[in-house]
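To keep things clear, I will list the structure first and then write my remarks on it.
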Amino acid sequence: VKSLHKGISELVVLAADAKPLEIISHIPLVCEDKNTPYVYVRSKMALGRACGISRSVIATSIVTKDGSPLETQITELKDLIEQMLI
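Heads up, the sequence shown is in the working numbering, so the first residue is 58 and it goes up one at a time.
Below you can see the structure in the form of structure tokens.
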């Protein structure tokens with residue numbers, strides 16, 4: 058949520074199996090307010106593994122710096138998410 062409020066978040070990923078779901082239910086509202094795309098994944102354990110840790114993760118924010126080698130991949134991913142919303 059901090060990166061959303063700072064305006065540096067490119068994309069937010071949320072775990073659909075977060076218990077209770079109310080602990081992340083406010084995040085989509087903040088994302089919409091900040092015009093930041095968000096997506097749900099099925100498993101908090103899978104999200105944790107994708108983040109490179111062995112614990113479950115219920116939410117993560119993807120940030121980038123100018124000139125990052127991942128910048129084009131993040132932009133493509135954001136475009137795909139926006140297409141899914143149409």
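A virtual CB, placed ideally from N, CA and C, is assigned to each residue, including glycine.
| Query | Result |
| --- | --- |
| Might you give, ordered along the chain, the residues of its own chain that have their beta carbon closer than 8 Å to the beta carbon of D74, omitting 5 neighbours on each side? | R99, S100 and K101 |
| Given a cut-off of 7 Å, decide if V70 and V87 are closer than it, judged by their beta-carbon atoms. | no |
| Could you check where the alpha helix (DSSP H) with S111 kicks off and where it finishes? | First-last for S111: undefined, no H or E at that position. |
| Tell me which residues share the same chain as E128 and place their Cβ nearer than 6 Å to its Cβ, disregarding the 5 neighbours each side in the sequence. | T121 |
| Who are A73's beta bridge partners in DSSP? | A73 is not bridged to any residue. |
| Within 10 angstroms of its Cβ, does L137 collect 16 or more other Cβ (buried), or is it exposed? | exposed |
| According to the neighbour-count rule (16 or more other Cβ atoms, all chains shown, within 10 Å of its Cβ), is T93 buried or exposed? | buried |
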